[in-house]
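Protein chains in written order, with this note's numbering: chain A, 6 to 225; chain B, 6 to 225; chain C, 6 to 225; chain D, 6 to 225.
Worksheet for the structure shown next.
There are 4 protein chains.
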Amino acid sequence: MPVGDSRRGAGGSLPRRARNPEATRRRILRAATGEFARLGLSGARVDRIAERARVNKRMIYHYFGSKDELFLAVLEGAYANIRNAERRLDLEHLAPEEAIRTLVTFTWNYYLDNPGFLRLVNSENLHKARHLKRSKVIKDMHSPFVEMVADILRRGARHGIFRKGVDPVQLNMTIAALGYYYLTNRYTSSIIFDRDLMAPAALDARLAFIIDNVLGYLRP
Amino acid sequence: MPVGDSRRGAGGSLPRRARNPEATRRRILRAATGEFARLGLSGARVDRIAERARVNKRMIYHYFGSKDELFLAVLEGAYANIRNAERRLDLEHLAPEEAIRTLVTFTWNYYLDNPGFLRLVNSENLHKARHLKRSKVIKDMHSPFVEMVADILRRGARHGIFRKGVDPVQLNMTIAALGYYYLTNRYTSSIIFDRDLMAPAALDARLAFIIDNVLGYLRP
Amino acid sequence: MPVGDSRRGAGGSLPRRARNPEATRRRILRAATGEFARLGLSGARVDRIAERARVNKRMIYHYFGSKDELFLAVLEGAYANIRNAERRLDLEHLAPEEAIRTLVTFTWNYYLDNPGFLRLVNSENLHKARHLKRSKVIKDMHSPFVEMVADILRRGARHGIFRKGVDPVQLNMTIAALGYYYLTNRYTSSIIFDRDLMAPAALDARLAFIIDNVLGYLRP
Amino acid sequence: MPVGDSRRGAGGSLPRRARNPEATRRRILRAATGEFARLGLSGARVDRIAERARVNKRMIYHYFGSKDELFLAVLEGAYANIRNAERRLDLEHLAPEEAIRTLVTFTWNYYLDNPGFLRLVNSENLHKARHLKRSKVIKDMHSPFVEMVADILRRGARHGIFRKGVDPVQLNMTIAALGYYYLTNRYTSSIIFDRDLMAPAALDARLAFIIDNVLGYLRP
DNA sequence: CATGAATGAGAATTCATTCAT
DNA sequence: TATGAATGAATTCTCATTCAT
Chain A
6 MPVGDSRRGA GGSLPRRARN PEATRRRILR AATGEFARLG LSGARVDRIA
56 ERARVNKRMI YHYFGSKDEL FLAVLEGAYA NIRNAERRLD LEHLAPEEAI
106 RTLVTFTWNY YLDNPGFLRL VNSENLHKAR HLKRSKVIKD MHSPFVEMVA
156 DILRRGARHG IFRKGVDPVQ LNMTIAALGY YYLTNRYTSS IIFDRDLMAP
206 AALDARLAFI IDNVLGYLRP
Chain B
6 MPVGDSRRGA GGSLPRRARN PEATRRRILR AATGEFARLG LSGARVDRIA
56 ERARVNKRMI YHYFGSKDEL FLAVLEGAYA NIRNAERRLD LEHLAPEEAI
106 RTLVTFTWNY YLDNPGFLRL VNSENLHKAR HLKRSKVIKD MHSPFVEMVA
156 DILRRGARHG IFRKGVDPVQ LNMTIAALGY YYLTNRYTSS IIFDRDLMAP
206 AALDARLAFI IDNVLGYLRP
Chain C
6 MPVGDSRRGA GGSLPRRARN PEATRRRILR AATGEFARLG LSGARVDRIA
56 ERARVNKRMI YHYFGSKDEL FLAVLEGAYA NIRNAERRLD LEHLAPEEAI
106 RTLVTFTWNY YLDNPGFLRL VNSENLHKAR HLKRSKVIKD MHSPFVEMVA
156 DILRRGARHG IFRKGVDPVQ LNMTIAALGY YYLTNRYTSS IIFDRDLMAP
206 AALDARLAFI IDNVLGYLRP
Chain D
6 MPVGDSRRGA GGSLPRRARN PEATRRRILR AATGEFARLG LSGARVDRIA
56 ERARVNKRMI YHYFGSKDEL FLAVLEGAYA NIRNAERRLD LEHLAPEEAI
106 RTLVTFTWNY YLDNPGFLRL VNSENLHKAR HLKRSKVIKD MHSPFVEMVA
156 DILRRGARHG IFRKGVDPVQ LNMTIAALGY YYLTNRYTSS IIFDRDLMAP
206 AALDARLAFI IDNVLGYLRP
């Protein structure tokens, strides 16, 4: 049967997507990432995602099953991105203190440049990680990362630069916390403290503070 | 006395038409606090608040005008509670290090005991603090608190116990961040790090870590 | 906001209305006239009327029984006003042509100065005059007016200035129609005809047109 | 075949899930026209429109976006109808006086046969034409009509049958006013003048009056 | 005569998902 | 694989009126 059917009147032959499953799937995922990052899980609209991806709404269900499963895919992608970027830092080949400084700086800048990532994580926690719980890939994604930080700590301790017995998980959460909280809670904090927390100087000061804090904590 | 009336279902015999504005207002506020704390702003349902408060839905609009204004009232109440509790710590009369340790411990425990508070703050930040912006009381509530921490830092610096020039706002946000992030993001973190972050030992360890971190940072 | 509670500190002792039935009734009626004139029957709010009249909502029901009955009272008042103003024109003592010219000019200006009157009449017609139907005073109010116009026509016909056999009711409705329609429908007409119908020159032109039309019609 | 299904009440066995967008849209528009014409904008109920159109309420929003946009569509349709009917009068090919007489008669009869049109226009004016203001088609619909009347007046003046310099807009509004007011305000007028304005003889008399008035006015 | 708290029955609009083609 | 029309259950908010004090 000839495509571009007769019901479509003047102007006809709309750019009816060629049958390209891969591309369609990718477009949906990209659109969904934008939507979820901007509005969170509950704020996102399936209709809008379909529109932004220029696909039929039905396709979303075809490829992803449900809004929740789509959200999980987005979330996995987001975690993969940050973990990949971290891997590219090559922390293994840096001196321990430099490695930590690099990691802290990277984390801060990543949060700053990818506010959508913070919102995704926030959304997921609001839902008690019910999506991530069912993820098959997420753990494998993170254990190398934790292991890498543990390695840095061990090296630092061996060299006498870092104190002994620091829990890498505790440290990771701290590095994340000091930036994450500042950025996600900047709206209320700005009011409470009556200060523009996003002014360039303020951002620089916060990064300096975090580095200072983390390295200070590690000092033996 | 006729008990309840037949049109009402289970739970009956409620003191309807109580004609007690103070109590009604209070009941609405209490119910709303519970609902918003549990489900956030967008998850909360006005219907459910009315039900839980055992008032006619219309009353919520009578007393508070809109869901948003009700949320602001809840938020102001929540901030008032924590700030009042802090005031009762009497930090002014403690030695600087003891004051900080007390504040850190208090903050952690408060977050732990009042998860709803964290969710309210989170919700408000998801909405870019649009409610708090219109609040007339919120700033007055916080400036004494910031001033008090600044005073502790000054005393500590004078005694040579704390380093000089520490920004009290930066410190406050840090104390908050280290606990807040751990608790609100525990769902994703638990999966990523494959660890039960809410185990009593884990909680104790986190508090110890935070105290250690903060006091370590302040040390000259 | 619930009033009358102990929190009402300074300024206390609200101007709790002295018991003055007459004044209360009058205040309600005035407030209702404004509200109905501005927003029509269905747009008007009982709450707002009470607020504007600075009386308790219950009083409206006490004095007028219902929103509908209040509307009728307002309507009767509005008709009384215009008919009284007309009576003051003393048309009986003017020459027939001058009388008609005066009546037409008065009608136009009254509509222009009292847009609320037009809206009240419009509202009432939207409801098929169900309020006016029950009015006991409205007919007595109008028969003298019709009689007066009939008299002018008779005088004019006798003097050979006006044509014979003109129906005073038909004429009255025409005088009203030519101004009423122009003013009430000016919003759609402005768009349809792409012209500012409320410009001073346009208003003057319409009045001139109406006078011209009516007197032209009466000419023998 | 199971007829209808038990969940549906009387009237059942409707062709649900008709999957015929054109027809659905048309059904909604027709139902909405009836509802708005009968009850005005604010009196109309979206629920009832959906019911009358035998569509899911959601479809109204799917096709028209909002109650207001639906109202605009209805309004545009109503104007298109009357303007089309006018065009079919072929006034261009009639002698000037005959053309005016035909137009006046048509207008009167159209109002009489389509009271819904009057109510739609009335509603729109109550809302200060806020819908029509945004219409893209309404002006194009009317300018040919105005031009046609202007042409008739020019022809009449050239032949010495009509007076010179008559404003076609003024005349149009007059033709409309004389019928519109009589019909929309017949409820209050009937009471005020104590006369049955809808009696066949009364209707005939009014039409005769209007023709007489308009042609009289045009006479040089 | 006066107060204002309380009520219940709707109002428009939204949303994830499914179905016919 | 692809389309987009169709669904029903909720959601916030409104309003004239009545009741306890």
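Beta carbons are placed, not taken as given, at the ideal position from N, Cα and C, and that holds for glycine.
- Contact between the stretch 49-58 of chain B and the stretch 103-117 of chain B is absent: fewer than 3 CB-CB pairs across the two stretches fall below 8 Å.
- Neighbours of N127/C in chain D, taken as residues at a C-beta separation under 9 Å, are given in chain order as N127, N130, L131, T189, N190.
- Interface criterion not met: the Cβ of V109/B is under 8 Å from no Cβ in chain A.
- Among the residues facing chain C, V174/D is included, as its CB has a counterpart in that chain under 8 Å away.
- Of all residues in the stretch 156-180 of chain D, only V174, Q175, M178, T179 place a beta-carbon less than 7 Å from a beta-carbon of chain C.
- Taking 8 Å as the cut-off, the Cβ atoms of F76/B and H136/B count as close.
- With respect to chain B, the C-beta atom of G221/A has a partner C-beta closer than 8 Å.
- DSSP places D209/C in the uninterrupted alpha helix (DSSP H) bounded by 205-223.
- Against T193/C, the close residues of chain D are V126, E129, N130, A134, L137, in the order they occur along the chain (beta-carbon pairs closer than 8 Å).
- For N177/A, the enclosing alpha helix (DSSP H) begins and ends at 173-189.
- With the criterion set as a beta carbon lying under 7 Å from some beta carbon of chain C, the stretch 50-82 of chain D has no members that meet it.
- As the crow flies, the alpha-carbon of W113/A is around 30 Å from that of G48/B.
- If you draw a 10 Å sphere on the C-beta of G45/C, you find 16 or more other C-beta atoms in it, and that means buried.
- At least 8 Å separates the beta-carbon of F150/C from that of R93/C.
- Using beta-carbon distances, D199/A counts as an interface residue toward chain B, with a partner under 8 Å.
- Chain-order list of chain A residues neighbouring Y115/B: empty, with the shortest C-beta distance near 15 Å, by a criterion of under 9 Å.
- Taking 8 Å as the CB threshold, G45/A lines the interface with chain B.
- Contact between N130/D and Y192/C holds, with the beta-carbon distance rounding to 5 Å and staying under 8 Å.
- Given a length threshold of 4 residues, each whole run of the alpha helix (DSSP H) inside the stretch 112-152 of chain A is given here in chain order: 120-131.
- The Cβ atoms of P101/D and G161/D lie closer than 8 Å to each other.
- Every alpha helix (DSSP H) stretch that sits fully inside the stretch 16-76 of chain C and reaches 4 residues is listed by chain position as 26-48, 51-58, 62-69.
- Neighbourhood of A182/D in chain C, by CB distance below 7 Å: A182, L183, Y186, Y187, in chain order.
- Nearest Cα to R200/A within the set A182/B, L99/B, L188/B, Q175/B: Q175/B.
- In this structure, DSSP gives F198/B a helical state, which the three-state scheme calls helix.
- Within chain C, the residues whose beta carbon sits less than 9 Å from that of K144/D are I196, I197, D199, listed in sequence order.
- Look at A100/B here: in three-state DSSP terms it is coil, with no helix or strand label.
- Taking 8 Å as the cut-off, the Cβ atoms of M153/B and A85/B do not count as close.
- Restricting attention to E74/B, R32/B, G39/B, the CA atom closest to the CA of N61/B is found in R32/B.
- Of the candidates L34/B, I157/B, L202/B, Y187/B, I157/B places its Cα closest to the Cα of I105/B.
- Apart from sequence neighbours up to five positions away, the residues of its chain that approach N218/B with a beta-carbon distance below 7 Å are L183, ordered along the chain.
- If you compare the alpha carbons of H67/A, G70/A, A78/A with that of R35/A, the shortest gap goes to A78/A.
- From the listed residues E81/B, L80/B, F111/B, A83/B, the smallest Cα separation to D95/B is found for F111/B.
- Nearest in C-alpha terms to P173/A, of all of A134/A, D209/A, R159/A, S140/A, is R159/A.
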